[in-house]
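S.K.: Protein chains in written order, with numbering that gives the first Met the number 0: chain P, 0 to 293; chain V, 0 to 458; chain L, 0 to 277. Cβ coordinates follow ideal geometry from the N, Cα and C atoms, glycine included. Quantities reported herein were computed from a predicted structural model and do not represent experimental measurements.
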Amino acid sequence: MEKRVVFNSRWLPYLLVAPQVAVTAIFFFWPAAQAIYQSAFIPDPFGLKTQFVGFGNFEYLFGNAFYRQSFVTTAVFSVLVTVLSMSFALWLAAMADRIIKGSGIYRTLLIWPYAVAPAVAGVLWLFLFNPFTGIISWLLAQYGYTWNHGLNGGQAMTLVVIASAWKQISYNFLFFLAGLQAIPKSVIEAAAIDGASFWKRFWTIVFPLLSPTTFFLLVVNIIYAFFDTFGVIHTITQGGPQQSTTILVYKVFADGFVGQDLGSSAAQSVVLLVLVSLLTVIQFKFIERRVHYG
Amino acid sequence: MPHAPPSGWRSPMKIQKDVEKMAMNKSLFAGAIAVLLSGAAPAAAATQIDLWHAFSGRLAELLTVQVEAFNASQSEFTVVATAKGNYSEALNAGIAAFRAGEQPDILQVFEVGTATMMAAEGAVKPVYEVLAESGLPFDPSIYLASVTGYYTDTEGKMLSFPYNSSTPVLYVNEDAMTAAGLDPKMDLSTWDKVGEAVDKLQASGSKCAFTTAWQSWVQLETLSAYHDVPFATKDNGFGGLDTELVFNGDAQVRHIEMLGQWAKDGKFIYSGRRNESGAPFRAGECALMTESSAGYAGVKAEAKFAFSIRPLPYWSEVDAAPLNSIIGGASLWVLEGQTEAEYKGVASFLTFLSSPEIQAKWHQDTGYLPITMTAYDLTKAAGFYDTNPGTDIAIIQMTGKAPTANSKGLRLGNFDQIRTVIDEELEGVWNGSKSAKDALDSATVRGNELLRRFEQANR
Amino acid sequence: MVERRGIGTWLTHAGLILGIALICFPIWVAFVASTLSQADLVRPPMPLIPGGHAIANYSEALFTGANAPVWLMLVNSMVMALGITIGKIVISILSAYAIVYFRFPFRMLFFWLIFLTLMLPVEVRIVPTYEVVAGLGLLNSYTGLILPLVASATATFLFRQLFLTIPDELVEAARVDGAGPVRFFIDILLPMSRTNIAALFVILFIYGWNQYLWPLLVTTDPSMNTIVMGIKQMLPTGDDVAKWPVVMATAMLAMLPPVLVVVFMQNLFVKGLVESEK
Numbered sequence: 000m001e002k003r004v005v006f007n008s009r010w011l012p013y014l015l016v017a018p019q020v021a022v023t024a025i026f027f028f029w030p031a032a033q034a035i036y037q038s039a040f041i042p043d044p045f046g047l048k049t050q051f052v053g054f055g056n057f058e059y060l061f062g063n064a065f066y067r068q069s070f071v072t073t074a075v076f077s078v079l080v081t082v083l084s085m086s087f088a089l090w091l092a093a094m095a096d097r098i099i100k101g102s103g104i105y106r107t108l109l110i111w112p113y114a115v116a117p118a119v120a121g122v123l124w125l126f127l128f129n130p131f132t133g134i135i136s137w138l139l140a141q142y143g144y145t146w147n148h149g150l151n152g153g154q155a156m157t158l159v160v161i162a163s164a165w166k167q168i169s170y171n172f173l174f175f176l177a178g179l180q181a182i183p184k185s186v187i188e189a190a191a192i193d194g195a196s197f198w199k200r201f202w203t204i205v206f207p208l209l210s211p212t213t214f215f216l217l218v219v220n221i222i223y224a225f226f227d228t229f230g231v232i233h234t235i236t237q238g239g240p241q242q243s244t245t246i247l248v249y250k251v252f253a254d255g256f257v258g259q260d261l262g263s264s265a266a267q268s269v270v271l272l273v274l275v276s277l278l279t280v281i282q283f284k285f286i287e288r289r290v291h292y293g
Numbered sequence: 000m001p002h003a004p005p006s007g008w009r010s011p012m013k014i015q016k017d018v019e020k021m022a023m024n025k026s027l028f029a030g031a032i033a034v035l036l037s038g039a040a041p042a043a044a045a046t047q048i049d050l051w052h053a054f055s056g057r058l059a060e061l062l063t064v065q066v067e068a069f070n071a072s073q074s075e076f077t078v079v080a081t082a083k084g085n086y087s088e089a090l091n092a093g094i095a096a097f098r099a100g101e102q103p104d105i106l107q108v109f110e111v112g113t114a115t116m117m118a119a120e121g122a123v124k125p126v127y128e129v130l131a132e133s134g135l136p137f138d139p140s141i142y143l144a145s146v147t148g149y150y151t152d153t154e155g156k157m158l159s160f161p162y163n164s165s166t167p168v169l170y171v172n173e174d175a176m177t178a179a180g181l182d183p184k185m186d187l188s189t190w191d192k193v194g195e196a197v198d199k200l201q202a203s204g205s206k207c208a209f210t211t212a213w214q215s216w217v218q219l220e221t222l223s224a225y226h227d228v229p230f231a232t233k234d235n236g237f238g239g240l241d242t243e244l245v246f247n248g249d250a251q252v253r254h255i256e257m258l259g260q261w262a263k264d265g266k267f268i269y270s271g272r273r274n275e276s277g278a279p280f281r282a283g284e285c286a287l288m289t290e291s292s293a294g295y296a297g298v299k300a301e302a303k304f305a306f307s308i309r310p311l312p313y314w315s316e317v318d319a320a321p322l323n324s325i326i327g328g329a330s331l332w333v334l335e336g337q338t339e340a341e342y343k344g345v346a347s348f349l350t351f352l353s354s355p356e357i358q359a360k361w362h363q364d365t366g367y368l369p370i371t372m373t374a375y376d377l378t379k380a381a382g383f384y385d386t387n388p389g390t391d392i393a394i395i396q397m398t399g400k401a402p403t404a405n406s407k408g409l410r411l412g413n414f415d416q417i418r419t420v421i422d423e424e425l426e427g428v429w430n431g432s433k434s435a436k437d438a439l440d441s442a443t444v445r446g447n448e449l450l451r452r453f454e455q456a457n458r
Numbered sequence: 000m001v002e003r004r005g006i007g008t009w010l011t012h013a014g015l016i017l018g019i020a021l022i023c024f025p026i027w028v029a030f031v032a033s034t035l036s037q038a039d040l041v042r043p044p045m046p047l048i049p050g051g052h053a054i055a056n057y058s059e060a061l062f063t064g065a066n067a068p069v070w071l072m073l074v075n076s077m078v079m080a081l082g083i084t085i086g087k088i089v090i091s092i093l094s095a096y097a098i099v100y101f102r103f104p105f106r107m108l109f110f111w112l113i114f115l116t117l118m119l120p121v122e123v124r125i126v127p128t129y130e131v132v133a134g135l136g137l138l139n140s141y142t143g144l145i146l147p148l149v150a151s152a153t154a155t156f157l158f159r160q161l162f163l164t165i166p167d168e169l170v171e172a173a174r175v176d177g178a179g180p181v182r183f184f185i186d187i188l189l190p191m192s193r194t195n196i197a198a199l200f201v202i203l204f205i206y207g208w209n210q211y212l213w214p215l216l217v218t219t220d221p222s223m224n225t226i227v228m229g230i231k232q233m234l235p236t237g238d239d240v241a242k243w244p245v246v247m248a249t250a251m252l253a254m255l256p257p258v259l260v261v262v263f264m265q266n267l268f269v270k271g272l273v274e275s276e277k
């Protein structure tokens, strides 16, 4: 969509876009190009010498079982975070939508986790589940269940999923609530008069009308789980135990800055670049769908 | 992100003004903070020497004491010591800083990072060069060969300064032994004997009979050297970059199997990859701990129970055992890219650290090995080893027998990453998901991949 | 919604309260822990009622901290968050204005270039961006913390969509009055964007404050730590025992500014975040 009426100026528009283009070029495109270039080399950690290997880094990566595993780990992690966070948020939103008074207070109280950094969320949940002093691990021990996410991969995954999902609940809640409130009351009332029960109404009317919101949140949550959860993983498990919580984003960091394998890290960056592009295309389609120009 | 409908009016010029004001305030504020942070600058511009280290707790306190003593003893140089996390974090911080051109003067690198540092010829300034160029008196022969040998090149020239070298020993909580009905002075020289003690401890209710620190270093690397079996080919890596890992031999597998069984039985409580087990031992929760001899500093400071130090246990079935244990700890590396004045300061600091009194005190306080003969003699003459039995075990264990090709230590590239692999695989044994043989086999395969990548990057 | 009053409503309220309890539980526990002493916490279970050590813990956090005192980290975080927020808003609104209201060669090219940055989150370019920033000498500086995060495609799109909804009549009227593009921007466009800017302020402030990976890489000097990344350094990696009360006090302080911003600017924030009913 374009504007009919515009201004004519030779130099002003360039001046206006200049800051953004400059920052984008220096800090986005130049490093991205560097990543692609560096993925063909194996440098030594100090940057003193480097060996050209062509596709060697990619061969090494895809031949490495742990790297292939991190794809699976990332997928499992994202699905779990998304499903857990969205269902809980939907449940809360459905309830909040039903009451007339007090919904403002509930919303205020439910909005907090949005402001909490994923890394801080990680520290909070780490404290709760600390194998030696955590209150929830103590509680589990009373029922005979030993919690040590430092040794048990399944427990580690559970913990990072909970911490990541918890943080995202507010965001999903706000959107679901808005989506629910946007459904015309008349439609619901008509169905109620016709004798449809709550669940029937929910599945046949509410859920379909909510589907744009749901799809939008699906994409946003998956992207969140892919990238923004780095802080959670770094503070709680550092990708362990035995790399059971090493998602793709974490592996790029771990191999590059901890493992000092810069060639592998660059190759992983390139793979991520392709993945993100796919996800962005999908995301943009859904964003575009939600926006109208009035 | 979807949008909100536009509404409302606001004075627009204000936005621009506010932004400018904020920017100015920000820089003023930042400037004020910077001045505050720089602290009271010394009157004369003393050359600053940056030392990055990985100590915490009691060891960090003792290092601070040394640094302050040096700074107070002269006014030309000021050493600023910064803690950079654990050994891995410190090494990575140093490497990243080098890539960014902001490297410190001195970097403390653990023995595991030695091959990486040695391969970085343009990044590292060998210590013997720094000392020779400084004009200060430097006599390489005062240093104990067995301690410095690990950090010298093929011509015997010192590449890094062996500031804190240790070797693993066995710590015994004597009160816990007594409480379990065991004689605290009992013979614990072999793993069989230790096994008996551990059984008895658990039977009498001990929640943590045995724990270990630095599992790879103690239970695999030192184990191999102690029993004269190779850890890697080519003289454990000293002979070339094309070395391969072979620590999945019978001796090692059998040992890890035993520990795995202990873990399953609840006799061996695993606390972490590094020295996390120090905390429960010092708190009196664990009865026996294999840890670096430098764990002595913390144990002496915090343990509220009687404790003793024993030599590392060995398998009596192996004839060659016990050979000698290998070096651990760290050394101080000097990095390239500093000014001449800074190198002079570094030399001055290292000479200070080598002086007999400082070395003797450091050795006695921490449990790290003395790096000079005179420090050892001083300590002996003062009767320290008599009043503190067990504190000379580390030296005897490391220097008592002539080393073979299998027990001079390890020189493997990417070894920090290989240790992570070993740690991961061992954890699989402790939580019961892998057999010892599978874990060690898998560790050698994965470790060899890392060795090949190091070889490739350093051709 | 249509539902019988009475039981249904009570159940709903009960369910919501349960949900809120589950969500706020970690924060409550953290708050209580920040008021207890280390001895209280070493043996579980910890009490769930606040203790009396709040002042001691918060003072230790604020003035000693781990590698840097927390008050310093708060300052760094504030500077970074405000810098990112204001920087992003200013840059994006200017770009969006140019793209919507001007015709110039390469206009669509710039638009797509900005769009492409959506495909390049920092995680995709960690090592090279670090090298670029280091090469420019921007490590351990506010500029290095702020500048690489300041280009934002989403904010630009938001403003673009907003401007596209503004009636053309306004522009025509302005031109008739003899106003040039700058006047139009300042006198008409900015005021109309006020709500959006305010809403974006909240969202971007939180985004900026909660940055983790980038500050982690770019600060090697502890005096430049931000509080969100600094907390991790308080967790021990060796045989140190964590001082949990102090860590929790730091966590509370780390959460405080963004939570305050969200709660007090709630309406704006929600409106800005969610598409409202037309």
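In the DSSP assignment, what are the bridge partners of V/R281?
M.R.: Paired residues: none, contrary to the question.
S.K.: Work out the CA separation of P/V75 and L/E130 for me, nearest whole Å.
M.R.: 32 angstroms
S.K.: If you follow the beta strand (DSSP E) that V/A52 is in, where does it begin and where does it stop?
M.R.: A quick correction: the sequence has His, not Ala, at residue 52 of chain V. Per DSSP, V/H52 belongs to the beta strand (DSSP E) from T46 to H52.
S.K.: Would you say V/A95 and P/F256 are within 9 angstroms of each other, going by their C-beta atoms?
M.R.: yes
S.K.: In whole angstroms, what separates the C-alpha of L/T11 from that of P/A93?
M.R.: 9 angstroms
S.K.: Could you give the first and the last residue of the continuous beta strand (DSSP E) run that contains V/E290?
M.R.: Looking at the DSSP string, the run of the beta strand (DSSP E) that includes V/E290 is L287 to S291.
S.K.: For the alpha helix (DSSP H) containing V/S330, name the first residue and the last one.
M.R.: No alpha helix (DSSP H) holds V/S330; the beta strand (DSSP E) holding it covers G327 to L334.
S.K.: Between V/G236 and V/A92, how many whole angstroms is the CB-CB distance? I'm expecting something under 8 angstroms.
M.R.: Not a contact, Cβ separation roughly 25 angstroms.
S.K.: Short of 6 angstroms in beta carbon distance, which residues of its chain neighbour V/G479, apart from the five on each side in sequence? Order them along the chain.
M.R.: Nothing about residue 479 of chain V can be reported from this structure: the residues present for chain V run from 0 to 458 only.
S.K.: May I ask you to report which of helix, strand or coil DSSP gives L/Q210?
M.R.: Note: L/Q210 maps to coil in three-state DSSP.
S.K.: Mind checking if P/S210 is an interface residue toward chain V, Cβ cutoff 9 angstroms exclusive?
M.R.: no
S.K.: Enumerate in chain order the residues of its own chain whose CB-to-CB distance from V/L495 is below 7 angstroms, with the five nearest sequence positions on each side excluded.
M.R.: The requested residue 495 of chain V is not part of the displayed model; chain V covers only 0 to 458.
S.K.: Give me the subset of the segment 83–114 of chain V whose CB atoms are less than 8 angstroms from a CB atom of chain L, sorted by chain position.
M.R.: G84, N85, E88, A92, A95, A96, R98, A99, G100 and E101
S.K.: Assign V/E110 to one of two classes, buried (16 or more other C-beta atoms within 10 Å of its C-beta) or exposed (fewer than that).
M.R.: buried
S.K.: At the 9 angstroms Cβ level, is P/P12 part of the contact set with chain L, yes or no?
M.R.: yes
S.K.: Would you tell me roughly how many angstroms separate the C-alpha atoms of P/I204 and L/L212, rounded to the nearest one?
M.R.: 43 angstroms
S.K.: Please state the DSSP three-state secondary structure of P/F174.
M.R.: helix
S.K.: Tell me, please, whether the CB atom of V/T210 is closer than 9 angstroms to any CB atom in chain L?
M.R.: With a threshold of 9 angstroms between beta carbons, V/T210 makes no contact with chain L.
S.K.: Around the Cβ of P/G101, are there at least 16 other Cβ atoms within 10 angstroms (buried) or fewer (exposed)?
M.R.: exposed
S.K.: Return yes when the Cβ of V/N405 is within less than 9 angstroms of the Cβ of V/P227, no when it is not.
M.R.: The sequence shown places Asp at residue 227 of chain V, rather than the Pro named in the question. It is a contact, given that the beta carbons lie within the stated cut-off.
S.K.: By DSSP's criteria, V/Q107 is part of a beta bridge. Which residues make up the other side?
M.R.: V/L331
S.K.: The beta strand (DSSP E) that contains V/R458, what's its start and end?
M.R.: No beta strand (DSSP E) holds V/R458; DSSP gives it neither H nor E.
S.K.: Residues of chain V with CB under 7 angstroms from P/F28, in chain order?
M.R.: Going along chain V, no residue has its Cβ under 7 angstroms from P/F28, so there is no contact; the nearest lies around 21 angstroms.
S.K.: Quick one: grab the DSSP three-state call for V/Y269.
M.R.: coil
S.K.: For L/F156 versus L/I92, is the C-beta spacing smaller than 9 angstroms?
M.R.: In this structure, L/I92 does not lie closer than 9 angstroms to L/F156 by Cβ.
S.K.: Since V/N430 meets chain P, which of its residues come closer than 7 angstroms, beta carbon to beta carbon?
M.R.: Correct list: L150 and N151.
S.K.: With a threshold of 6 angstroms on Cβ separation, who are the neighbours of P/I35 within its own chain once the five nearest residues in sequence on each side are excluded?
M.R.: V269
S.K.: Going by Cα to Cα distance, which pick from V/T371, V/P402 and V/F137 is closest to V/T147?
M.R.: V/T371
S.K.: Is the beta carbon of V/A89 less than 9 angstroms from the beta carbon of V/A53?
M.R.: One thing to note: V/A89 has its Cβ within 9 angstroms of the Cβ of V/A53.
S.K.: Strictly below 7 angstroms CB to CB, what residues from chain C border V/A300?
M.R.: In summary, chain C is missing from the structure at hand, where the protein chains are P, V and L.
S.K.: Can you list, in chain order, the residues of its chain whose CB lies under 8 angstroms from that of V/C207, leaving out five sequence neighbours each side?
M.R.: The residues are I268, P279, E284, C285 and A286.
S.K.: Could you check where the beta strand (DSSP E) with P/Q50 kicks off and where it finishes?
M.R.: T49 to F51
S.K.: Indicate whether at least one CB of chain L lies closer than 9 angstroms to the CB of V/S55.
M.R.: yes
S.K.: Expressed to the nearest angstrom, what Euclidean distance is found between the alpha-carbon atoms of L/L15 and L/I202?
M.R.: 25 angstroms
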